[in-house]
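Heads up: the structure comes next, in structure tokens.
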Amino acid sequence: MIEVGGHTDSDGSDQDNQTLSDNRATSVRNALVAQGINSTMLKTKGYGEKQPKDTNDTKDGKFRNRRIEYTKAN
Numbered sequence: 008m009i010e011v012g013g014h015t016d017s018d019g020s021d022q023d024n025q026t027l028s029d030n031r032a033t034s035v036r037n038a039l040v041a042q043g044i045n046s047t048m049l050k051t052k053g054y055g056e057k058q059p060k061d062t063n064d065t066k067d068g069k070f071r072n073r074r075i076e077y078t079k080a081n
């Protein structure tokens with residue numbers, strides 16, 4: 008099982024960022040399924056702005072925080 012995790016920067020409200028990260032993860036999952044990946048092997052999770060990889064104080068940092076991460080899920 009692979010988790011497709013969606014992340015955002017800190018711009019916007021917590022609720023909007025949660026929705027955006029959920030939608031981001033779902034969109035990537037759908038694209039992978041369209042390319043032939045078995046849908047039962049994928050799950051999605053939105054993390055909103057809760058797990059930044061970089062600062063949200065710069066344009067580049069925000070860019071790096073708007074991302075998808077793939078992790079092995081149990």
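Taking my numbering, I'd label the letters of the sequence shown as residues 8 to 81.
Glycine residues also receive a C-beta, built at the ideal position from the N, C-alpha and C atoms.
Note that the structure is predicted; figures quoted are calculated from it, not measured.
Tell me residue 75's beta-bridge partners as DSSP assigns them.
Beta-bridge pairing links residue 75 to 13.
Whole angstroms is fine: what's the gap from residue 16's alpha carbon to residue 43's?
The alpha-carbon atoms of residue 16 and residue 43 are separated by roughly 30 Å.
Minimum length 3: unbroken beta strand (DSSP E) runs contained in the segment 28 to 70
Restricting attention to beta strand (DSSP E) runs no shorter than 3 residues, the segment 28 to 70 encloses them at 49 to 53, ordered along the chain.
Have a look at 63, 75 and 29 and flag the residue whose alpha-carbon is nearest the alpha-carbon of residue 53.
Ranked by how close their Cα comes to the Cα of residue 53, the residues 63, 75 and 29 have 29 in first place.
Cβ-Cβ distance between residue 35 and residue 51 below 9 Å:
Their beta carbons are under 9 Å apart, which means residue 35 touches residue 51 by this criterion.
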